[in-house]
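J.:
Chains as they are written, first to last, in the working numbering: chain Z, -4 to 257; chain X, 71 to 476; chain F, 122 to 423.
1) Counting beta carbon pairs with one atom in the segment 423 to 440 of chain X and one in the segment 181 to 194 of chain X, are three or more of them shorter than 8 Å?
2) Quick check on residue 225(X) - is its C-beta less than 7 Å from some C-beta in chain F?
3) Taking the CB atoms as reference points, tell me whether residue 195(X) and residue 205(X) lie closer together than 7 Å.
4) In this structure, how does DSSP classify residue 187(F) when only helix, strand and coil are distinguished?
5) For residue 106(Z), return the contacting residues in chain X, with the cut-off set at a CB-CB distance below 9 Å.
6) Report the partner residues of residue 175(Z) according to the DSSP bridge assignment.
7) Taking the alpha-carbon positions, what's the residue 320(X) to residue 417(X) distance?
8) Going by CA-CA distance only, name the one from 460(X), 395(X), 437(X) that's closest to residue 411(X).
9) Taking only beta-carbon atoms, is residue 331(X) less than 7 Å away from chain Z?
10) Please report whether the beta-carbon of residue 103(X) lies at a distance below 7 Å from any beta-carbon of chain Z.
11) Using the Cβ count rule (16 or more neighbours within 10 Å means buried), how would you classify residue 153(Z)?
12) Looking at the C-beta of residue 152(F), does it have a partner C-beta in chain X at a distance below 7 Å?
13) Mind checking residue 435(X): buried by the 16 CB within 10 Å criterion, or exposed?
14) From residue -2(Z) to residue 181(Z), what distance separates their C-alpha atoms?
15) If you draw a straight line from the alpha carbon of residue 467(X) to that of residue 365(X), how long is it in whole angstroms?
16) Excluding the five sequence neighbours on either side, which residues of its own chain have a C-beta within less than 8 Å of the C-beta of residue 91(Z), listed in chain order?
17) Enumerated in chain order, which unbroken segments of the alpha helix (DSSP H) with a length of 4 residues or greater are wholly contained in the segment 366 to 396 of chain X?
18) Going by C-alpha to C-alpha distance, which of 140(F), 290(F), 343(F), 326(F) sits closest to residue 374(F)?
19) Sort out for me which residues DSSP pairs residue 95(X) with in a bridge.
20) Just checking my contact of residue 94(X) with residue 102(X) at CB under 8 Å: how many whole Å lie between their CB atoms?
21) If you compare alpha carbons, which of 178(F), 379(F), 204(F), 160(F) is closest to residue 100(X)?
22) Could you work out which residues of chain X lie near residue 182(F), taking near to mean beta carbons separated by less than 7 Å?
23) State yes or no: is the C-beta of residue 78(Z) within less than 7 Å of the C-beta of residue 106(Z)?
24) Can you name the residues of chain X whose CB is closer than 8 Å to the CB of residue 299(F)?
25) For residue 266(X), which of helix, strand or coil comes out of DSSP?
26) Is there a Cβ of chain X sitting closer than 7 Å to that of residue 250(F), yes or no?
27) Excluding the five sequence neighbours on either side, which residues of its own chain have a C-beta within less than 6 Å of the C-beta of residue 235(X), listed in chain order?
28) Quick check on residue 255(Z): buried or exposed, where buried means 16 or more other Cβ atoms within 10 Å of its Cβ?
29) Please report the distance separating the alpha-carbon of residue 136(Z) from that of residue 159(Z).
30) Could you tell me the distance, in whole angstroms, from the CA atom of residue 227(X) to the CA atom of residue 298(X)?
31) For the pair the segment 322 to 334 of chain F and the segment 244 to 260 of chain X, tell me if three or more CB-CB distances fall below 8 Å.
32) Count the other CB atoms, across all protein chains shown, that sit within 10 Å of the CB of residue 391(F); report buried if there are 16 or more and exposed otherwise.
33) Taking the straight line between their C-alpha atoms, what separation do you get for residue 8(Z) and residue 52(Z)?
34) Note down, in chain order, each residue of its chain lying with its Cβ closer than 7 Å to the Cβ of residue 237(Z), except the 5 sequence neighbours on either side.
35) Could you give the distance in angstroms between the alpha-carbon of residue 353(X) and the alpha-carbon of residue 89(Z)?
36) Less than 7 Å between CB atoms is the rule here; does residue 96(X) satisfy it with respect to chain F?
Shown next as structure tokens:
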């Protein structure tokens, strides 16, 4: 198996607080991995570290692109990491609210298109063609997340579940090899969660995608993921298949508290 | 009844509030007079304004639209408005262009005085559209835009004074100089949040103005630069009427170019990136947008436009001094953008025309101009923060849908 | 001789700085509570100075005893200006409490333009002489040029006011509520703090301080016009940012540092670039140390 993402000894300090403590994590090709743990365990901080929003105190992070080359992510800017092939969604939906649904996805194509100011002003044939290509590809992505009929609607007018799906479509537009989902099922009803699960599975097949997700919905985590990492107070306390994790005494303790104190 | 009581209280409150400043007048001989009439007028005005205010907010609280019925939760997906109707667009555009081209020859409004007013209106349209790039599209609140306008004007003025360079040579030079200044300001402020950016750019504007005043040996201080020539047409001598008309057409052309450039920019890949940055910086960075590059592009383009407008301004007035480039100019340009609707090209153009032409043609209001600007900014933010023109959306052609339609 | 010149400059700077500090407190208090840069604050200060001037003139006209004029005029200015601050918040900011960040800022700029032109139209665009109302203080004579009666008054009044304010914020119920709201508005409201009235109180206190600053500086400068609020507001804002906006002691420290720095530049270099200095300082701080001398570092939430 080839690792898409390899993180070793990742440490993130905020002042005196150690938010991440020697986190090791590997994700293989086409693997769905879940990151779970109580609130404040450092899951979102981990996302922010590997996407370049925070600069980690120490540790190494490697992303392997489909061509086989491994890239060190340390010191890279967020947009460079996205261009390499790692895309994310946000815990508290961060769409571009005043723009249309289609435009939201088109933004995701930014790093795979080239037109600059001069081309924008001259509008030569190549630029127009590139633009139409962006529009059509974005529309096709909207079809895969079942939002095509709303393409000309303003993003903020979409219902909650649809906004989450739009965020996924927007992330997919950057053509990632690794997709990071931060609580994608939060606030969804069981029906929507089920559809989301199907969507993630089908995206993996059609796009050769590896997925890392943070999620609190345990039934979804257990049925969807190939492997699970558990974090507590910034440290990884366990990892393994869903079966192993559900039987792990450390994990049960972390979630239910010490039996003596309960 | 309760509303009337509230309105009465508000009226009384404002009358007391304004009593010293509006009521008291100290005369030079050491006596004082009290102007009751003014306060009475004010009280009456506030009474009715307060009724309106209450009516509006009560309605808003019930979730109703200002006019007619309840607001719908979701708007229909495909809205047909007049603004999106293609043939209506074409006809009105043709009418406006025809009027603008014929304007210097329409008897009654073709005096030099009138044409000059229209030239300055056109220059402000350019400025407002340029500011719209950075404020409206990119969402970066810049309060020192007049500084770039000044730099453009002084580039022409000083290059003429010291080296005798003409209009057409100075136009591109001013563009380059202002772009460099825009980058010089833009680079350090990349990381600043909205309100801090506003203050820094305001400070930059003041620094430029103060330097222009104090650097006497070069800029000639507060007295300014005079005798700046108007652009020549292949070296033909022109009388005042003709050179004004010529400048008018040039400004009109400049505005047309500006509108074309900015429309194309807005609809391009870079334009989309700018708007994404306005909506959410972190999300747009996570979508692969290089914020540094995009922000600097916006700064550079925006300041270049102010530079071009500055050169036109210097050519129009043939005399420039620092007092033309105060904070109030920046504030006025900002209110044009805000009034028109941030990001909307049609809106900002209308906003600029209204704010320049209204005080000129409604002489009674000329004194109250700045007062009304200020009030307009507050009122717009409260009642219509999106500006006059909204819903200006680009129409995309989707190949998949068109095939289905065939 | 050189030392005396230095001391003169130092005291000049302290006088000036304590006025900046008074106005800066208004910015900082408001910013702490609602996170808004109250752009119209400089104008509030200008309104304070004008109210004092007008009331003083009127009192003189009706034959009020000369000794009490300054006190009564100052009190009137404080009362009226506080009312202006209260009204300003209710009209221009309260309806925008849940609007996007730029809206209240633009509304504030609009209010600032409005207030300036309101005074311009209601009064005059010229500079108006401010009457000399500060009593002679014979005990200062020995200090010579170091400190005049006006400077003395400014230092005493502003120091007392600031001490009172610090104690008020630290030990009273309202002060504690203010600090709680500044840290976490939602939580404070859940605990029963009435945010609306607290914000009103903040604006009233801030405006009252600005009015006091206005009266003091007007008697120091000897003349005022409708435009004085802009520059004073910018400088006070610089002071607030210098000390760390949102921090009360920061505003005081920032004001004093800025005042002394300006006074030294004017004294040793040149007076022409005194305003350029404060604007440059403002820009440099905002770029390199936006949290100021005493401010806390903020981590951006994602």
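All C-beta atoms, glycine included, are put in the ideal place defined by N, C-alpha and C.
T.: The answer reads as follows:
1) yes
2) no
3) no
4) helix
5) Result: 357, 358, 359, 360.
6) 83(Z), 207(Z)
7) 22 Å
8) 460(X)
9) yes
10) no
11) buried
12) no
13) exposed
14) 28 Å
15) 29 Å
16) 98, 99, 102, 150
17) Scanning the segment 366 to 396 of chain X for uninterrupted alpha helix (DSSP H) segments of 4 residues or longer gives nothing; none is fully contained.
18) 140(F)
19) Paired residues: 103(X).
20) 6 Å
21) Each of 178(F), 379(F), 204(F), 160(F) was checked against the Cα of residue 100(X), and the nearest Cα belongs to 178(F).
22) 100, 101, 102
23) yes
24) Near residue 299(F) there are no residues of chain X at all, since even the closest Cβ is about 21 Å away, more than 8 Å.
25) helix
26) no
27) 229
28) With a pLDDT of only 40 at residue 255(Z), under 50, the local geometry of the prediction cannot be trusted, and the value read off the model is given with reservation. When all chains shown are included, residue 255(Z) counts as exposed.
29) So the two alpha carbons sit approximately 14 Å from each other.
30) 6 Å
31) These segments do not touch.
32) exposed
33) 6 Å
34) 217, 220, 223
35) Their backbone Cα atoms lie some 6 Å apart in a straight line.
36) yes
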